[in-house]
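The next block holds one structure in the form of structure tokens; read it before the comments.
Numbering (UniProt numbering), first residue to last: 1 to 198.
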């Protein structure tokens, strides 16, 4: 059974953490969450972790993350709304073992691109988080919104892609309506990526 460290923050609601918990409890994911790490005790995901009696660590400074992870020795680190920059030291130690969810379509090569299901160019949304990324799909009149699960690398918002998910943008979509549909896809592709690895 693989050990996971799930990293959350005040950026999200902990829905990916919950999706992973649900998959484990339903015997659909051969893993255990060894620890949930948050940058703040105010993160909503902390409530989810407490409800399921998970071990919790608060890590307000990125310099302390390496020490916490070294003590746990996880097989995989799951960034689920983590907003701190992950240090090169952590990336080097856990190379191709840190999963990140990016609210955009990460290409396979740094100069590459991704096509939407209808053949139009997909948006990478490099450097954009959460609502700002979703707003960009709307602002750029993209036909699809999408997210990628990828291994973290030293290259910003880039790394080997494990899975992508797409959602059709509707004419009357708002950030909230589109993001609600995208989150469901994100939850699914995160669990599917972990299922393959575990």
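Every residue, glycine too, gets a C-beta built ideally from N, C-alpha and C.
Residue interval of the beta strand (DSSP E) (run including residue i)
{"i": "residue 32", "result": "31-38"}
{"i": "residue 164", "result": "161-168"}
{"i": "residue 148", "result": "144-151"}
{"i": "residue 49", "result": "Note, residue 49: premise wrong, no beta strand (DSSP E); alpha helix (DSSP H) at 44-51."}
{"i": "residue 23", "result": "No beta strand (DSSP E) holds residue 23; the alpha helix (DSSP H) holding it covers 15-25."}
{"i": "residue 62", "result": "Per DSSP, residue 62 belongs to no beta strand (DSSP E) and is neither H nor E."}
{"i": "residue 122", "result": "Note, residue 122: premise wrong, no beta strand (DSSP E); not H, not E."}
{"i": "residue 11", "result": "Premise fails: residue 11 is in no beta strand (DSSP E) and is neither H nor E."}
N-terminal and C-terminal residue of the alpha helix (DSSP H) that residue i is part of
{"i": "residue 191", "result": "175-197"}
{"i": "residue 133", "result": "130-139"}
Span separating the alpha-carbon of residue i from that of residue j
{"i": "residue 94", "j": "residue 188", "result": "24 angstroms"}
{"i": "residue 45", "j": "residue 51", "result": "10 angstroms"}
{"i": "residue 40", "j": "residue 59", "result": "7 angstroms"}
{"i": "residue 178", "j": "residue 171", "result": "10 angstroms"}
{"i": "residue 11", "j": "residue 119", "result": "32 angstroms"}
{"i": "residue 32", "j": "residue 23", "result": "10 angstroms"}
{"i": "residue 143", "j": "residue 174", "result": "14 angstroms"}
{"i": "residue 138", "j": "residue 69", "result": "38 angstroms"}
{"i": "residue 153", "j": "residue 198", "result": "20 angstroms"}
{"i": "residue 63", "j": "residue 72", "result": "16 angstroms"}
{"i": "residue 75", "j": "residue 27", "result": "18 angstroms"}
{"i": "residue 182", "j": "residue 151", "result": "20 angstroms"}
{"i": "residue 88", "j": "residue 180", "result": "33 angstroms"}
{"i": "residue 155", "j": "residue 102", "result": "13 angstroms"}
{"i": "residue 135", "j": "residue 25", "result": "34 angstroms"}
Sub-9 angstroms separation of residue i and residue j beta-carbons
{"i": "residue 98", "j": "residue 77", "result": "yes"}
{"i": "residue 67", "j": "residue 37", "result": "no"}
{"i": "residue 159", "j": "residue 114", "result": "no"}
{"i": "residue 165", "j": "residue 116", "result": "no"}
{"i": "residue 133", "j": "residue 104", "result": "yes"}
{"i": "residue 90", "j": "residue 54", "result": "no"}
{"i": "residue 34", "j": "residue 3", "result": "yes"}
{"i": "residue 126", "j": "residue 157", "result": "yes"}
{"i": "residue 161", "j": "residue 195", "result": "no"}
{"i": "residue 14", "j": "residue 47", "result": "yes"}
Whole-Å CB distance - residue i paired with residue j, under 8 angstroms assumed
{"i": "residue 82", "j": "residue 149", "result": "Actually they do not touch by this definition, with Cβ atoms about 14 angstroms apart."}
{"i": "residue 186", "j": "residue 30", "result": "About 21 angstroms separates the two Cβ atoms, so there is no contact after all."}
{"i": "residue 190", "j": "residue 21", "result": "Between residue 21 and residue 190 the Cβ distance is about 12 angstroms, and since that is not below 8 angstroms, they are no contact."}
{"i": "residue 100", "j": "residue 79", "result": "4 angstroms"}
{"i": "residue 123", "j": "residue 140", "result": "6 angstroms"}
{"i": "residue 192", "j": "residue 163", "result": "6 angstroms"}
Any non-hydrogen atom of the ligand ADP closer than 8 angstroms to residue i Cβ
{"i": "residue 145", "result": "The ligand ADP is not among the ligands present in this structure, which contains no ligands whatsoever."}
Chain D contact for residue i (CB, 9 angstroms cutoff)
{"i": "residue 77", "result": "Chain labels in this structure do not include chain D; a single protein chain is all it has."}
My parser needs the alpha helix (DSSP H) runs of 4 or more residues fully inside the region 73-118; what are they?
Considered as a whole, the region 73-118 harbours 88-93 as its complete alpha helix (DSSP H) runs of no fewer than 4 residues, in chain order.
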